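Take 0 as the starting number for the sequence shown in numbering that gives the first Met the number 0 and just add one per residue.
Ideal placement from N, C-alpha and C gives every residue a C-beta, glycine not left out.
None of these values were measured; they are calculated from a predicted model.
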Amino acid sequence: MPTHGYIDVIDESRSVRMARLRTPRPRSLAGMAVSALLLLGSAPMATAAPSERLPASRLLPIPAGGLHSFVRGLNSSGTIIGEYQVEGSAGPLAIRWNAHRPGYTRLAPLPGEKFSRTTALSDAGWVVGQSYDELPDVHPVRWTPRGTPKRLTLPRGSLGGRASAVNNAGVAVGEAQGKDSRSRPVRWRPDGRKTVLPVLPGDSGGTATSINNAGTAVGWTEQHDVAGGPAHPVRWNAAGAVSALPLPPGFTGARTSRITDSGVVFGHGRAAGSTEYDRVLVWAPDGTVRDAGRGRAYDANLAGTVVGASLDDSPNGDPARWHADGTRTVLANPAEAAGEVLAINNRGTAVGYAWPPAGNPALDKALMWKPDGTVVPLPPSSLGPYAAAFAVNDAGVIAGFAVGTDGAGNPTTWRATVWKR
């Protein structure tokens, strides 16, 4: 079993796939407008024939002494980012791989610090994340495409910060944490200079979660002094001006997660009388908002197909796909209790995982769904049959991680994994 100090790393690294325990921020979007998104039921799809040629599984290498590793992102060229953990260490180390080449590149912490972690990358190769020596003094960092770390400066008086996203120009967004425990949305230029983004009138802080290649960012602002108060979804234009995104009738707040290059904004809303952000919301480029129903959604492709987990029929979630025409498909989940679709490429291939009736979070099964909805269990790794698939690009490269277990089925090892033909 991992040490107690590493359990926190595992929980944070697997926050997407642990949505059955809590609702995480969705991964990414690359989609067109899905303003017609509605939830409609349909039957599960079929399972692929066993004779189908599958992508091969390969554990991604880590430096000597490394024990665990995780995937954080995959881009169009096959670059994969993540982190690894040395046994007995108190923190992670950022790392970069390429699915088409052997080896790895260490993404070093800032000078004088011990640990680093990635959070996002762009197709141009920019990577953002965090660097620190001791928690909670965490510093946002951006690595160049060559892997050189650059400190992203924080406002005076900040205790730490986080970079959440980066675009192809190297512009990053995130948040700074103040001594007053308030977060403030921040944007960093390619040269590292910061801008504290404005919040809506009456709010005292917020966070920026995503930025597209036009420089438009999204996130939310809130009143930190109001316990349990709602988050207000916002958009910042390239000049930094803030504007509120509308809510559907009957909603009190929302947290926006991603903005695509087409201007579609995606997030999760909180209905009146609820404390949970468990309704899928989609804003068209003109600001029109649609409530897609109860669920968790994680990704969308250029055809406007959204994937995630539907909560209509199961409290744990059924793997689901919502089409731009408003129809919903509950995807096949062979012999498992529940599951989620975490990513879809522009060809319509989707990936994710399922977990068994016993509910052991180590015993996930990595799945791929073909464009016609047929489910394909991904081949096991050398660690055994348990894995989760997190990302897929248009070339069909799939990234995720595999889980090694002991004789009693307890998890012992997590390793970043790639599947490719």
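Cα-Cα separation, residue i to residue j
i	j	result
Pro60	Thr206	34 Å
Leu439	Val241	Outside the shown range of the chain (0 to 420) lies residue 439, about which nothing can therefore be said.
Thr211	Gly408	Per the sequence presented here, residue 211 reads as Asn, with Thr not at that position. Distance between the alpha carbons of Asn211 and Gly408 is about 42 Å.
Phe265	Ile258	6 Å
Val306	Asn392	15 Å
Gly77	Gly228	41 Å
Asp363	Gly201	44 Å
Ser273	Ala308	19 Å
Arg282	Ala89	At residue 282 the sequence reads Trp, which differs from the Arg that was named. Spanning the two alpha carbons is a distance of roughly 41 Å.
Pro110	Asp136	14 Å
Gly102	Leu199	46 Å
Thr412	Ala365	16 Å
Pro248	Ala230	16 Å
Asp132	Ala401	28 Å
Ser157	Val185	12 Å
Where residue i falls, given that 16 or more other Cβ within 10 Å makes a residue buried
i	result
Arg327	buried
His99	exposed
Thr287	exposed
Arg225	According to the sequence provided, residue 225 is Val. The question's Arg does not apply to it. Exposed.
Glu339	buried
Leu120	buried
Lys178	exposed
Ala63	exposed
Gly128	buried
Leu134	exposed
Glu174	buried
Gly406	exposed
Ala390	buried
N-terminal and C-terminal residue of the beta strand (DSSP E) that residue i is part of
i	result
Gly346	For the sequence presented, residue 346 should be read as Arg rather than Gly. No beta strand (DSSP E) holds Arg346; DSSP gives it neither H nor E.
Glu174	171–177
Ala168	Run containing Ala168: none; DSSP gives neither H nor E here.
Gly65	65–73
Ser273	Element bounds for Ser273: n/a, residue is neither H nor E.
Ser309	305–309
Asp290	288–299
Ala398	397–404
Pro139	137–142
Ile258	250–258
Val263	Per DSSP, Val263 belongs to no beta strand (DSSP E) and is neither H nor E.
Gly124	No beta strand (DSSP E) holds Gly124; DSSP gives it neither H nor E.
Q: Tell me the start and end of each unbroken beta strand (DSSP E) in the stretch 76–119 that is at least 3 residues and wholly inside, in chain order.
A: 78–85, 92–97, 100–106
Q: Scan the stretch 186–243 and note each continuous alpha helix (DSSP H) run of 4 residues or more that stays entirely inside, going in chain order.
A: none
(Q) Measuring CB atoms only, is the stretch 332–347 touching the stretch 286–293, in the sense that at least three cross pairs come out at less than 8 Å? (A) no
Q. Are the stretch 116–128 and the stretch 71–89 touching, with three or more C-beta to C-beta distances below 8 Å?
A. yes
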